[in-house]
Amino acid sequence: MESIFTVLHMIIAIINFSRANETTCSLQGDLAYPYFWKNGEIMVGGIFPFYSSWEFADMSFSVMPPPIKCTSLDFRAFQYTQSLIFAIEEINNSSSLLPGITLGYKIYDTCSSSAMGVKMAMTLINGNENTVAHQVCTKPAQVQAIIGEAYSSVSTAIANSIGPFNMPIISHYSTCECLSDKKKYPSFLRTVPSDYHQSRAMAEMVKHFGWTWVGAIRRDDDYGNTGMATFTKVAEQLGICLEYSLPFFRTYSKERVLRIVEQIKSSTSRVIVGFLAHWDWEILVHVFTEHNITGYQWVGTEGWIADPVVATLDKQNILQGAIGLAISKTTVTGLEDFILDIKPLKSVGSGIFTKFWEALFNCKYAMKNDSEGLPLCTGEENLSEVENTFTDMSMMPIISNVYKGVYAIGHTLHELLGCKETCPTKKQPDPLTFLEHIKKVHFKTKDGESIYFDKNGDPAGKYEIINWQKDKDHPHKFVSVGFYDSSLLPQSRLSVNMPSIIWAKNTDTIPKSICSESCPPGTRKAVQKGKPICCFDCIPCAAGEISNMTDSIECKQCMQDYWSNPQKDECVKKEIEYLSYEETMGILLTVISVVGAFMTMVIGVIFLKYKNTPIVKANNSELSFLLLFALALCFLCSLTFIGQPSEWSCMLRHTAFGITFVLCISCVLGKTIVVLMAFRATLPGSNVMKWFGPPQQRLSVLGFTFIQVLICVLWLTISPPFPFKNLNHYKEKIILECHLGSTIGFWAVLGYIGLLALLCFVLAFLARKLPDNFNEAKFITFSMLIFCAVWITFIPAYVSSPGKFTVAVEIFAILASSFGLLFCIFLPKCYIIILKPEKNTKKQIMGKNTS
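If you use mature numbering (1 follows the signal peptide of the UniProt record, and there is no 0), the sequence shown corresponds to residues -20 to -1, 1 to 831, in order.
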């Protein structure tokens, strides 16, 4: 509606201008006059909202609309006016700043309206007097710069309108980030920090308190929407989510306001960010009280967090424990006393002073109709007897911003005019030159505060953190609990005294406002489908992955030699597995190996003691002793498979196993051949034994064994076994094993043993039914049957056994086949020697079996 009103005024002005006399310049419509003014050689403009609202007139669009009717006098504007007057009086009385030049001022009312603000700004630039005939219609700017406006929406309209004229406008309270855009608003500057800093500070503060799930209510204009947009952007970067962000304006219908109430009630967040102005709470406090919206933790902007009017409105402690940012306190000596002295306002005021006085003391002058039953004003009322927003100095940081703006103008003029003992000229600088210089001004106030503008025309973002507390004397007390300074390093910008804060519901415990509970170490966050990133499930890390911090978004993979602990919050060294002498299986196999070797030696001792007996002689005692020696080595070579693999043990275990077993099989094969040859030798005309006597037996054993030695040498030379960390079979542990190096070498060794064993088995099987009373071929056949059965079953068991069990299977195969040879070949003989000595005779040995 307001924008329509502005456009309408402009259209009417253009039409009237076109109808005007070609040689006469005249202003159309009602002339605007300043509320407060003082003549001077260089003028400063002021635009303040003396009224906080207005009434629309009926517009028929057939006649010129009547002027806006302003309502609701706002005492803050009178404080701003006093601050401007105070600064100009100080400069005029100063001998060091603009000596010999008198500053004047014109102060207009915007009625908190963008349309009125633009009109007053144009009035300050062009003047409001009608010109005479034949006078040029364009005139130089009437003021050097403009101080104001307070509200961002009004400042936006003014800055957009007067920007092309290069007229500086210095706002003391318009914080909208949008006004930092120098392409759109080239002549706008301000002495109050931009909401860019405030929005970032609020987001960092929310993060500091551990709130990740918040709601927001924003004023539905440039101030609220732009500020909330920046807050949302920074909040997302910090991991904060908005459950809702609701617009609000004081002209909203009751239904729209009730929808805000319903949204808050149905939400799960317990923290609400209020990007609002103080007058928005006139409606919201009433509505929230009516619907019992209490117990929420409010986070406020400088627009209302330190405003005593809002605190007065909050009768039901809706905002109890609220925390937010306020403009940092500044000291201007003498300003407070000057504001409370009404004489300067009275001396430079017009009819507005009468309204101000009546509203200030709640009285009526006699010349007016006393229809409200108010007392008459005497003009001598004492200001110390009243307590209202005019006497409240809590907004001194904002009031002093007006003072800083005037001094920025004064210092820029002082520099441009070349003033020293006196100013050589009193000529007003052109607006563009003045604008370029005021952007670069840098000075200190009389109280030592440094004033300057950055490249966007903004000061540094410095805020106090204010907390609403209450005590017996003050239901709402504004307590400073920290600060934020954007000029410091990121880690030092925010400082909060946590123990001194009182939170919502008057507690000293920080409220919790999260969508999902934090994920502990050992888990990661997984965003819930269709919800913001702050709503998540906690998924345990997979095996081999860890998260060692709260709310990890991903699990880290442990390094190759490490694995996750059961809690999945730390990588620990993987368990190293190998068949050791300390564990039960290793001890058991070691004992069996030693027992087997001991039994072999005992049998050897028995054979040695009874070497001259027929049974020992009949079974080739030389090969028997060599076989016993080889079996002892077979039992002992299994020990090389136990213990931590090393380079030497890996090469030794397989070669020792291969050579000793070939030695065993070679001896058994030799004994089998001897049996066969002995039977052929008993046949008439046979002379076979001369070709397989003791020398040939030794040579055959040596030859068969040498072949295995040659295979092992080639294996060790080309690609020998080596220690190897097997990380693939078990992910949670490391298996130390011996890599075969060349698998061909391993299977060549094993295949050669199998070939000899198969040959021995076939020969023994053929000789099993020879007609000797004591035929050794039967026992060899049985022993080879066991040997082959063991090693045939060994292959699949070896391939499928995991880790140390692979080694155990191989040792078991070695021991089983060794015991098979030992028991099948030698136990029957020991039985005869020890228990049946009567059968240990040549007659018994050479006797024939009967059918």
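Idealized CB from N, CA, C, for every residue including glycine.
Item, Value
"Residue of Leu474, Thr620, Glu360 and Leu765 minimising C-alpha distance to Leu559", "Thr620"
"DSSP-derived helix/strand/coil call for Met23", "strand"
"Cα-Cα separation, Glu717 to Pro782", "11 Å"
"C-beta contact flag for Phe30 and Ile332 at 9 Å", "yes"
"Proximity below 9 Å, CB of Leu396 to CB of His417", "yes"
"Ser151 - partner residues in DSSP beta bridges", "Arg170"
"Ordered list of beta strand (DSSP E) runs contained in the segment 245 to 300, each at least 3 residues", "251 to 255 and 277 to 280"
"Within 9 Å, strictly: CB atoms of Pro173 and Gly204", "no"
"8 Å Cβ shell around Ile691 - same chain, five flanking residues per side excluded", "Gly638, Gly725, Ala728, Val729 and Tyr732"
"Whole runs of the alpha helix (DSSP H) within the segment 455 to 498, excluding any shorter than 4 residues", "none"
"Beta-carbon proximity list for Thr248, same chain, < 8 Å, skipping 5 on both sides", "Trp193, Glu223 and Cys495"
"Sequence-distant residues of the same chain with beta carbon closer than 6 Å to Phe463, five excluded per side", "Glu444 and Ser475"
"Straight-line gap, Ile526 to Thr281 (C-alpha atoms, nearest Å)", "41 Å"
"N-terminal and C-terminal residue of the alpha helix (DSSP H) that His355 is part of", "The sequence shown places Pro at residue 355, not His. Note, Pro355: premise wrong, no alpha helix (DSSP H); not H, not E."
"For Val194, the three-state DSSP class (helix, strand or coil)", "strand"
"In chain order, each alpha helix (DSSP H) run of at least 4 residues that lies wholly inside the segment 342 to 430", "376 to 396 and 411 to 418"
"Test item: CB-CB of Val98 and Ser141 under 9 Å", "yes"
"Cβ shell of Phe229 (< 6 Å), same chain only, five flanking positions each side left out", "Asp200"
"Cβ pair Ser225, Thr210 closer than 9 Å", "no"
"Between the CA atoms of Leu694 and Cys740 - distance to the nearest angstrom", "26 Å"
"Gly584 vs Ala612 beta-carbon contact at 9 Å", "yes"
"Exposed unless 16 or more other CB atoms sit within 10 angstroms - verdict on Asn592", "exposed"
"Buried or exposed (CB count within 10 angstroms, at least 16 for buried), His709", "exposed"
"Identified DSSP bridge partners for Trp34", "Cys50"
"For Arg451, the three-state DSSP class (helix, strand or coil)", "It should be pointed out that residue 451 corresponds to Asp in this sequence rather than to Arg. Of the three classes helix, strand and coil, the one that applies to Asp451 here is coil, per DSSP."
"Buried versus exposed call for Pro144 [16 or more other C-beta atoms within 10 Å across all chains shown]", "exposed"
"Cut-off 6 Å between Cβ atoms - residues of its own chain near Lys384, not counting five sequence neighbours on either side", "Thr171 and Ile431"
"Through-space distance from Val253 to Phe268, alpha-carbon basis", "15 Å"
"CB contact flag (Ile794, Cys617, <9 Å)", "yes"
"Three-state secondary structure (DSSP) of Tyr60", "helix"
"Of the residues Met102, Ala522 and His634, the one placed nearest Ile87, counting alpha carbons only", "Met102"
"Candidates Ser629, Phe336 and Glu21, of which the one nearest Ser52 by Cα", "Phe336"
"Proximity test, Cβ basis, 9 Å: Ser42 and chain B", "Note that chain B does not occur in the displayed structure, where there is just one protein chain."
"Whole-angstrom distance between Cys630 and Phe762, CA atom to CA atom", "32 Å"
"Nearest-angstrom Cα separation, counted from Ala196 out to His114", "Note that His114 scores 44 on pLDDT, short of 50, meaning its location in the model is unreliable; the coordinates nonetheless yield the value given after this. One C-alpha to the other measures close to 59 Å."
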